[in-house]
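Okay, structure first, notes after.
Residue numbers (our numbering): 37 to 297.
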């Protein structure tokens, strides 16, 4: 009876069920492989198409890049020419102004006051002895170490002011109370001009005392720390004659009439 009951309860051999489950799992794995192969094929086609498009568009992109660089260079040249014309016209105006004021003693005193104020404001060029500092990134600089930042240039300039500099320029750009030194991406901007290393800093002042005073200043010690620990390159020399240009961006903001009303 037990054999009959077992046959009634299990009409199929267990091996048939195992074989059926095995075939189902194989079919599932086969479908997965087919889907994977199709996905890889589609991905390969997409990557190939993208690479082909990039290859075809590369010459045009490079052409546009060169055209943009050329336009920027032309704009910089034009700006330099305009600033030169502005400086020339400003000198002519000052000459006429000095000629008009020199006729009287009060006019001469006023001209002397104007000369002092223009010098302090950076509105006129200044020539004289001073220090020339050339500072550059480390030879093997990367994004993290050895590259000069805006704060480094700020420290250098502040150290020169502390040492007694009367006028300072960075890569030909005069520094005034309105000039900002700040970072813009990987570049350092002075005023509104982006500069690239090496940075040439001219500081007019007393050459007998400025080198020692700069070395003792916090700015000088900061720069020396960069040289010693991050291999930043810097040379400082004393010069008998330096020319610090006027700030071409200075504009008259307001004026008032003096004297009795």
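Cβ atoms here follow ideal geometry from the backbone N, Cα and C, with glycine treated the same way.
Please read these numbers as outputs of a predicted model, since none were measured by experiment.
Closest to residue i by CA distance: which of the options is it?
i, options, result
"residue 221", "131, 97, 185, 135", "185"
"residue 164", "286, 278, 213, 292", "278"
"residue 276", "223, 290, 268, 244", "244"
"residue 168", "68, 239, 83, 255", "239"
"residue 155", "142, 290, 286, 292", "286"
"residue 153", "111, 213, 170", "213"
"residue 116", "233, 289, 291, 229", "229"
"residue 208", "151, 218, 232", "232"
"residue 263", "210, 219, 288, 177", "177"
When DSSP builds the beta bridges, which residues end up paired with residue i?
i, result
"residue 98", "The partner list for residue 98 (beta bridge, DSSP) is empty, contrary to what the question assumes."
"residue 231", "224"
"residue 140", "According to DSSP, residue 140 bridges with nothing at all."
"residue 163", "279"
"residue 170", "236, 271"
Thinking residue i and residue j are a contact (beta carbons under 8 angstroms), I'd like their distance in whole angstroms, please.
i, j, result
"residue 237", "residue 192", "6 angstroms"
"residue 134", "residue 147", "6 angstroms"
"residue 182", "residue 188", "About 11 angstroms separates the two Cβ atoms, so there is no contact after all."
"residue 267", "residue 175", "7 angstroms"
"residue 215", "residue 200", "Actually they are not in contact, since the Cβ atoms of residue 215 and residue 200 sit about 19 angstroms apart, beyond 8 angstroms."
"residue 217", "residue 190", "5 angstroms"
"residue 166", "residue 241", "5 angstroms"
"residue 138", "residue 145", "Going by Cβ atoms, the distance from residue 138 to residue 145 rounds to 11 angstroms, so no, they are not a contact pair."
"residue 259", "residue 270", "6 angstroms"
Query raised in the report: Are there three or more Cβ pairs, one per stretch, closer than 8 angstroms when the region 144-160 is compared with the region 273-291?
Result: Touching, yes, given that three or more Cβ pairs across the two stretches are closer than 8 angstroms.
Query raised in the report: In chain order, which alpha helix (DSSP H) runs of at least 4 residues are fully inside the region 178-229?
Result: The region 178-229 contains these whole alpha helix (DSSP H) runs: 186-198.
Requested in this report: Would you be able to state if there are at least three C-beta pairs under 8 angstroms between the region 184-204 and the region 246-254?
Outcome: The answer is yes - the region 184-204 touches the region 246-254, with three or more Cβ pairs under 8 angstroms.
Query raised in the report: Three or more C-beta pairs closer than 8 angstroms, one from the region 268-275 and one from the region 204-223: is that the case here?
Result: Counting Cβ pairs under 8 angstroms, fewer than three are found: no touch.
Requested in this report: Ignoring anything shorter than 3 residues or poking outside the region 235-264, list the beta strand (DSSP E) runs there in chain order.
Outcome: As far as the region 235-264 is concerned, its whole beta strand (DSSP E) runs of at least 3 residues are 235-240.
Query raised in the report: Which ranges does the beta strand (DSSP E) cover as unbroken runs of at least 3 residues, wholly within the region 70-134, from first to last along the chain?
Result: For the region 70-134, not a single whole beta strand (DSSP E) run of length 3 or above is found.
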